[in-house]
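In the working numbering, the protein residues as written are 941 to 1041.
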């Protein structure tokens, strides 16, 4: 009996620990046309391959990308390849971006 209770307690504790572990959102890679800076945290991109009415999207810049973004000196209309995560809540977040030559 004690072994059963101990086993159930360990199993319950393990399941609670796993519930507390947040899964990192999947990273997606796509390309598009840089439209412009919305503010210090967000940019707009026209995503390639989508109908015109669905192509424009705003993305939040991750802290890492925000620090490097100015160095890219992107102009409106330039093509970019970027990786982003779509968290359960909030806007999609760019975690990497580069100019396509």
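We put the CB at the ideal spot given by N, CA and C, even for glycine.
**Prompt:** Does the Cβ-Cβ distance between residue 1039 and residue 1005 come in under 9 Å?
**Reply:** Position 99 of the chain shown holds residue 1039. Position 65 of the chain shown holds residue 1005. 9 Å or more divides the Cβ of residue 1039 from the Cβ of residue 1005.
**Asked** Buried or exposed: which applies to residue 1016, given that a residue is buried once 16 or more other Cβ atoms fall within 10 Å of its Cβ?
**Response** Along the chain shown, read from residue 1 onward, the residue named residue 1016 stands at position 76. Flag for residue 1016 reads exposed.
**Delimiting residues of the beta strand (DSSP E) encompassing residue 1021** = Stepping through the chain shown from its first residue, residue 1021 is reached at position 81. From DSSP, the beta strand (DSSP E) with residue 1021 extends over 1019 to 1025.
**Prompt:** Closest to residue 986 by CA distance: which of 967, 969, 974, 1014 is it?
**Reply:** To locate residue 986, count along the chain shown from 1; it is residue 46. Looking at the Cα atoms, 974 is the closest of the given residues.
**Message:** From the DSSP secondary-structure annotation, give me the bridge partner or partners of residue 1033.
**Reply:** Within the chain shown, numbered from 1, the residue matching residue 1033 stands at position 93. DSSP output for residue 1033 lists 1000, 1025 as bridge partner(s).
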